[in-house]
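Mapping to our numbering: the sequence shown position 37 is 63, numbers consecutive.
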Amino acid sequence: MIYTCTMNPAIDLFSEFNTFKPYIVNRSHYEEYQANGKAINISFVLKKIGIDSTATGFIGGFTGDFIEESLEERGIGTSFIRVNGITRINTFIRSGNLEYKAVNKGPVISSADQKKLLDLIGSLKQNDLLFVSGSLPRHVDDSILVNISRLSRKNGFSLFLDVSSKALLDCLPYEPEMIKPSDEELAGFLGVPAESLTSADQVVSGARQLLKRGVKHILVSRGEKGALYLDHDHIFMTNAPRGKVVNTACAGDTMLAAFAGSRLKGASIGDSLIFATAAASSTAFTAGLSNLQDIPELQKQIRIQNLLESGERS
27 MIYTCTMNPA
37 IDLFSEFNTF
47 KPYIVNRSHY
57 EEYQANGKAI
67 NISFVLKKIG
77 IDSTATGFIG
87 GFTGDFIEES
97 LEERGIGTSF
107 IRVNGITRIN
117 TFIRSGNLEY
127 KAVNKGPVIS
137 SADQKKLLDL
147 IGSLKQNDLL
157 FVSGSLPRHV
167 DDSILVNISR
177 LSRKNGFSLF
187 LDVSSKALLD
197 CLPYEPEMIK
207 PSDEELAGFL
217 GVPAESLTSA
227 DQVVSGARQL
237 LKRGVKHILV
247 SRGEKGALYL
257 DHDHIFMTNA
267 PRGKVVNTAC
277 AGDTMLAAFA
287 GSRLKGASIG
297 DSLIFATAAA
307 SSTAFTAGLS
317 NLQDIPELQK
327 QIRIQNLLES
337 GERS
């Protein structure tokens, strides 16, 4: 089975305005409410490409009800830990060429509720897959990521991590299946300025340092520069297709889900990377998650480069 774990989910409100000014009432001409959270997005995208999953994590209050109902309405299983407090609401405002993001903290999670989640994850077995993605809620220490990684190694389930916490480095010796940093997050893990990882050469060199620490596969989302995939035997790079960027909040989640889902369905690494790059761009070109209908057209703009075959990387 496939599980997705979002420890700090949210309802995301997407609004568009002709202008957005302080101290006055600004009236939107578009609004949409979506159940969100990075691993929840993964469940949604997997479902869009015909792959079932079960979403878990922490939810509370009427907003938690909305998230659970939204998932179940789309045929996605749920196994959340119910907590005191109210799951957060985040706001994404688009006004002309400007984008504003207001992200809230979310509820405090008790030690008892954290144990419940770890007990649930501890029930996963070999052949199960778990995606852990997104920020951690209040009172949840980064060490929970290491504990989950230990459970993955002990029980034999495949672990996919998309987290910005530097605790990720302590997870790598437990050999997670994949990590998906952005190029900026990769720089943070390496302790170098983001501007030092601007070229493909630099990104490859940096990602290889993490491969040496134990992770099996790395997918780097690079925004308008496309994507880069590495394992010990392959290095592939894609460009990003052209389009009007509307929302960047969910593109990385879409990329990870589309890549992993495509591989689960038997596609090659190269074809999966092209599909994932197109899917991520499609999400960036719309409010919320893409319906994936424009994927075929976007794929026509994408070129993939096998950097090992081309001899451009040693």
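C-beta atoms are modelled at their ideal positions from N, C-alpha and C, and glycine is treated no differently.
- One alpha carbon belongs to F118, the other to A128, and they sit about 6 angstroms apart.
- With respect to the C-alpha of R176, the residue from G148, R114 and E99 having the closest C-alpha is G148.
- DSSP places V189 outside both helix and strand once states are collapsed to three, so it counts as coil.
- Within the model, the alpha-carbon separation for I205 versus V51 is close to 42 angstroms.
- Comparing alpha carbon positions, the residue from V241, L171, L39 and Q235 closest to T32 is L171.
- Looking only at E57, L97 and T264, the smallest Cα-Cα distance to G63 is reached by L97.
- Residue range I330 to N332 is occupied by the beta strand (DSSP E) that includes Q331.
- At the C-beta level, I328 and A310 stay beyond 8 angstroms of one another.
- With a threshold of 16 other beta carbon atoms within 10 Å, G83 meets it and is buried.
- Counting of Cβ neighbours within 10 angstroms places D145 among the exposed residues, the total staying below 16.
- Taken in chain order, the complete beta strand (DSSP E) segments of 3 or more residues contained in the segment 256-336 are 261-264 and 330-332.
- Counting only runs of at least 3 residues, the segment 29-65 fully encloses the following beta strand (DSSP E) elements, listed from N- to C-terminal order: 36-43 and 56-62.
- For N116, no alpha helix (DSSP H) run applies; the uninterrupted beta strand (DSSP E) run containing it begins and ends at R114 to S121, by DSSP.
- Taking C-beta atoms as the reference points, V246 and D209 count as a pair closer than 8 angstroms.
- Collapsing the DSSP output to three states places S247 in a strand.
- With respect to G160, P133 sits apart: the two C-beta atoms are not nearer than 8 angstroms.
- Contact between the segment 182-196 and the segment 222-233 is absent: fewer than 3 CB-CB pairs across the two stretches fall below 8 angstroms.
- Rounded to whole angstroms, the separation of the alpha carbons of A302 and N332 is 16 angstroms.
- Residue range S137 to I147 is occupied by the alpha helix (DSSP H) that includes A138.
- For the pair S41 and S54, the Cα-to-Cα distance works out to about 6 angstroms.
- Here T89 carries a helix assignment [DSSP, helix/strand/coil].
- Beta bridge pairing from DSSP links L156 with Y29 and L185.
- For D168, same chain residues with a beta-carbon under 6 angstroms away, outside a window of 5 residues either side, are S191 and A193 in chain order.
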